[in-house]
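Protein chains in written order, with the numbering used here: chain W, 669 to 911; chain L, 669 to 911.
Listed below in structure tokens is the structure:
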């Protein structure tokens, strides 16, 4: 069944008003009719709704029941990736949303070959948010991944102080780094994981990460590309916490 | 450093002869010179080599040392995916190679929307093998993923008898299926994992899988698309066996 993420302002209990793109999607793309059912999600709650009315400007849903599914990970995982090409960012956002990530934070790193274009920056962020919203709907999540604006390296390091656990993927990490013990430790509610761009993390960056208490982890014995590493991280964190 | 997969016939100790595409890659794409170093991999062994000569038809490598890296998973994992569009197959082959899969087996399933085109079949398989080879080189593997020809459902079921453990991803599986205990059990050397196409696995298929002793597993609490599910499976199996 279709899912739509709504703002809590759209709820006027027991009705929900669907507008803009989602209105268009229900009416024109899905060609739904009065009586059809959809899910509406807001603030970690899903509502099973029936279409009550379709007007020229909005769709009115009638809430039938509130659902108590748990599809969110018990910790908030933010993937911080060295700035990469637009297509790779989009793919990463799409996949990590499906795998349960909380946020995506692109950061300018020494070996990022992509340059920041301030003109396109806002539009790029909007597009990433749209991809995250659609992936969240498709994978039955209750929250949409948050896409941060592009961070400078130093700002990211300062920001890292707000996380309970900070990790970075590093092929030269001690193979015995106890990834599992770190993730499942009591009191860990937010995790930040830094993943380098195509060219990897520079030695200078490794040093600064270590000085900010980031812990290096390995992602298995093969070399993973920058678009595959976040998928390994999200799959294995999900696995540790859910299975 | 560049890696090239070679046939054992190319080795004439202490020399290795590089021909065809790899010759072209070394000479024209990478523009390497005599004295440059590369890895050559054959039968699970990596050789660190120095370029001894570049002729008009081949590159001659001189083996300097045999390396004893272990980049292969200790069990052979075959991902069997319901037939999907070419682009999705290519992406899956690319990513699961990097994550350590042993083989990829496309199978015709009830809800596969793609039809088999016998004319293009061989060319498609060749292209998948090429993608697997490049991904293996890039991720420092010693083996190239084996790409099977397209299986019929019944043939796949019969073939499954040759595996130590057969699993299938199923969102309605008992959430307590002990995925971890299954994978890490003693005596498991080969694992077959069936993943449905976009439309999922039909009830009839679930019944036939169960009758062939396949065990259903869940892949976390979110719904994963057919191209993301194999990445979760390979990441988590790798994690269980390597970390």
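C-beta atoms are modelled at their ideal positions from N, C-alpha and C, and glycine is treated no differently.
Between the alpha carbons of residue i and residue j, how many angstroms are there, rounded?
{"i": "residue 912 of chain W", "j": "residue 879 of chain L", "result": "Residue numbering for chain W in the displayed model covers 669 to 911; residue 912 of chain W lies beyond these limits and cannot be assessed."}
{"i": "residue 840 of chain W", "j": "residue 705 of chain W", "result": "52 angstroms"}
{"i": "residue 761 of chain L", "j": "residue 807 of chain W", "result": "22 angstroms"}
{"i": "residue 829 of chain W", "j": "residue 817 of chain W", "result": "18 angstroms"}
{"i": "residue 699 of chain L", "j": "residue 693 of chain L", "result": "8 angstroms"}
{"i": "residue 883 of chain W", "j": "residue 765 of chain L", "result": "27 angstroms"}
{"i": "residue 740 of chain L", "j": "residue 870 of chain W", "result": "27 angstroms"}
{"i": "residue 686 of chain W", "j": "residue 697 of chain W", "result": "14 angstroms"}
{"i": "residue 911 of chain W", "j": "residue 750 of chain L", "result": "25 angstroms"}
{"i": "residue 717 of chain W", "j": "residue 813 of chain W", "result": "23 angstroms"}
{"i": "residue 683 of chain W", "j": "residue 721 of chain W", "result": "10 angstroms"}
{"i": "residue 701 of chain W", "j": "residue 677 of chain W", "result": "24 angstroms"}
On the CB-based measure, 16 or more other CB atoms within 10 Å of its CB, does residue i come out buried or exposed?
{"i": "residue 796 of chain W", "result": "buried"}
{"i": "residue 653 of chain W", "result": "Lying before the first or after the last residue shown, residue 653 of chain W is absent from chain W, which here runs from 669 to 911."}
{"i": "residue 805 of chain W", "result": "buried"}
{"i": "residue 735 of chain L", "result": "exposed"}
{"i": "residue 873 of chain L", "result": "buried"}
{"i": "residue 904 of chain L", "result": "buried"}
{"i": "residue 789 of chain L", "result": "exposed"}
{"i": "residue 690 of chain L", "result": "buried"}
{"i": "residue 773 of chain W", "result": "buried"}
{"i": "residue 792 of chain L", "result": "buried"}
Reducing DSSP to helix, strand and coil, say where residue i ends up.
{"i": "residue 849 of chain W", "result": "helix"}
{"i": "residue 900 of chain W", "result": "helix"}
{"i": "residue 882 of chain L", "result": "coil"}
{"i": "residue 812 of chain L", "result": "coil"}
{"i": "residue 779 of chain W", "result": "coil"}
{"i": "residue 909 of chain L", "result": "helix"}
{"i": "residue 875 of chain L", "result": "helix"}
{"i": "residue 789 of chain W", "result": "helix"}
{"i": "residue 773 of chain L", "result": "strand"}
{"i": "residue 734 of chain L", "result": "strand"}
Return no unless some Cβ of chain L is closer than 8 angstroms to the Cβ of residue i.
{"i": "residue 847 of chain W", "result": "yes"}
{"i": "residue 739 of chain W", "result": "yes"}
{"i": "residue 807 of chain W", "result": "yes"}
{"i": "residue 850 of chain W", "result": "no"}
{"i": "residue 899 of chain W", "result": "yes"}
{"i": "residue 707 of chain W", "result": "no"}
{"i": "residue 836 of chain W", "result": "no"}
{"i": "residue 791 of chain W", "result": "no"}
{"i": "residue 763 of chain W", "result": "yes"}
{"i": "residue 896 of chain W", "result": "yes"}
Under 8 angstroms between C-beta atoms, does residue i make it to chain W?
{"i": "residue 766 of chain L", "result": "yes"}
{"i": "residue 904 of chain L", "result": "yes"}
{"i": "residue 890 of chain L", "result": "yes"}
{"i": "residue 882 of chain L", "result": "no"}
{"i": "residue 744 of chain L", "result": "no"}
{"i": "residue 672 of chain L", "result": "no"}
{"i": "residue 802 of chain L", "result": "no"}
{"i": "residue 647 of chain L", "result": "In the structure displayed, chain L extends from 669 to 911; residue 647 of chain L sits before or after that span and is not available."}
{"i": "residue 893 of chain L", "result": "yes"}
Say whether the stretch 881–898 of chain L touches the stretch 878–892 of chain W, bearing in mind that this needs 3 or more beta-carbon pairs closer than 8 angstroms, one atom from each stretch.
no
Quick check: the stretch 866–874 of chain L against the stretch 770–782 of chain L, are there 3 or more CB pairs under 8 angstroms?
yes
Report yes or no: do three or more beta-carbon pairs, one from the stretch 791–805 of chain W and one from the stretch 716–735 of chain W, lie closer than 8 angstroms?
no
At least three beta-carbon pairs within less than 8 angstroms, the stretch 764–778 of chain W to the stretch 735–752 of chain W:
yes
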